[in-house]
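Colleague: So for the sequence shown, the numbering used here puts the first residue at 75; every next one is plus one. Cβ coordinates follow ideal geometry from the N, Cα and C atoms, glycine included.
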Amino acid sequence: NTALIEIEGLVKYYAVPRQGLWESQQYVKAVDNVSFTIREGETFGLVGESGCGKSTTGQLLVRLLQQTGGSIRYRGRDVTGLDRREMRILRQEIQIVFQDPYASLNPKKQIGWILEEPLIIHRIGDKQERRKIVASVLEQVGLDNSFLKRYPHELSGGQRQRVGIAAALVLNPKFIVIDEAVSALDVSIQSQILNLLKELQHRHGLTYLFISHDLNVIQYMSDRIGVMYLGRLAEIIDVAQAGREPVHPYTQALFSSIPQVKATQRERILLQGDLPSPLTPPTGCTFHPRCPYAMDRCHQEMPELKPYSTGNMVSCHLYEGEEIK
Ligand code: SF4
Ligand code: MG
């Protein structure tokens with residue numbers, strides 16, 4: 075499969091006040107040297123505990139945030155330095171769906187206006203054509219024209235998220251970042267929305283970056299999964315290939331916490347200690363204070379993300395120099 079998005083050495087630092095004082099600010103490395111590729115038509119899942127940098131990565135990809143360093147190539151072209159006009163063109167192709175559509179949908183506007191506005195901004199069609207497009211996306215997300223005159227607060231959580239998806243679809247994008255899009259919904263509604271996303275992907279040949287802290291949801295949706303820990307990628311697992319098991323100690327612990335349907339029930343691995351503050355990340359491998367396999371060099375040397383078995387990549391000294399098929 076061809077690469078749609080190539081992320082290389084992506085870095086995002088945030089300045090924060092030190093002990094409440096902006097005069098002596100310090101930096102949080104929200105995203106710290108992250109590299110991966112998203113292939114056309116796939117769902118790349120990004121998972122990790124809250125604050126690990128997955129949402130920041132998503133917002134960097136749709137250019138809601140400026141990176142501190144590194145590059146993002148979309149169809150081979152670096153998009154980190156685009157001007158306003160070029161950005162507007164790119165905006166048609168890359169979209170984002172947020173966790174809380176209530177926050178992203180203008181509460182004072184009717185759904186019909188919310189869905190038509192992007193078309194007006196991008197000067198797509200005349201009034202009649204725009205109405206057709208809006209009716210079509212509403213139908214595609216399982217709603218109908220009776221929603222046109224309604225306001226976001228008149229909708230259920232699930233209906234609001236359907237509108238959020240319709241708003242992302244209206245410009246006919248190629249790539250959508252989906253950030254915790256079902257986390258606020260009841261489990262029964264969650265599966266409806268997940269299946270809708272799969273159906274839309276199939277229908278339009280969409281590529282997704284699917285962000286979630288929920289491993290069940292990530293596994294259900296993803297072709298490949300990137301596991302983030304303190305702003306870095308610990309591992310990339312090609313779950314679409316049979317028999318691809320996580321090998322990074324952090325991923326193993328994370329995955330061991332969910333019940334398995336398979337016969338090979340994994341033993342539950344409990345993580346030692348708390349997630350360290352991203353303000354003072356540990357030296358060397360940032361996972362070393364919690365890792366049951368930490369060696370001397372893990373305290374000093376940060377492991378690099380390297381190919382492991384076919385399709386997988388891992389960032390851990392345990393697997394260096396190993397060639398395993
Ligand atoms: Fe554990 Fe060392 Fe691997 Fe880090 S590099 S995950 S500390 S074994
Ligand atoms: Mg988040």
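#1: Could you say which of E309, T130, G119, I112 lies nearest to K86 if we only look at CA atoms?
#2: Quick one, which of A241, G83, L138, N180 has its alpha-carbon nearest E190's?
#3: Quick check: is any heavy atom of the ligand SF4 less than 6 Å from the C-beta of F361?
#4: Taking 6 Å as the line, does the beta carbon of H391 fall inside it for any heavy atom of the ligand SF4?
#5: Applying the 10 Å Cβ sphere with the 16-neighbour rule, what's the burial state of E228?
#6: How is the beta strand (DSSP E) around L78 delimited, first residue to last?
#7: If you measure between the beta carbons of Q169 and P226, is that distance less than 7 Å?
#8: Can you say whether K201 is buried or exposed, counting buried as having 16 or more other CB atoms within 10 angstroms of its CB?
#9: Go to N107, then tell me how far its alpha helix (DSSP H) extends in each direction, as first and last residue.
#10: Is it the case that the CB of P352 approaches a heavy atom of the ligand SF4 more closely than 6 Å?
#11: Using a Cβ-Cβ cutoff of less than 7 Å, which residues in the same chain neighbour G279 once the five nearest sequence positions on both sides are dropped?
#12: Between L270, V244, G300, S330, which lies nearest to P192 when the distance is taken from Cα to Cα?
#13: Output the boundary residues of the alpha helix (DSSP H) element that contains T131.
Modeller: According to the data block:
#1: T130
#2: A241
#3: yes
#4: yes
#5: exposed
#6: 77-92
#7: no
#8: exposed
#9: No alpha helix (DSSP H) contains N107, which is instead part of the beta strand (DSSP E) from 95-113.
#10: At a threshold of 6 Å, P352 does not count as near the ligand SF4, since its beta carbon sits no closer than that to any of the ligand's heavy atoms.
#11: G115
#12: Distance from the Cα of P192 is smallest, within the candidate group L270, V244, G300, S330, for V244.
#13: 128-135
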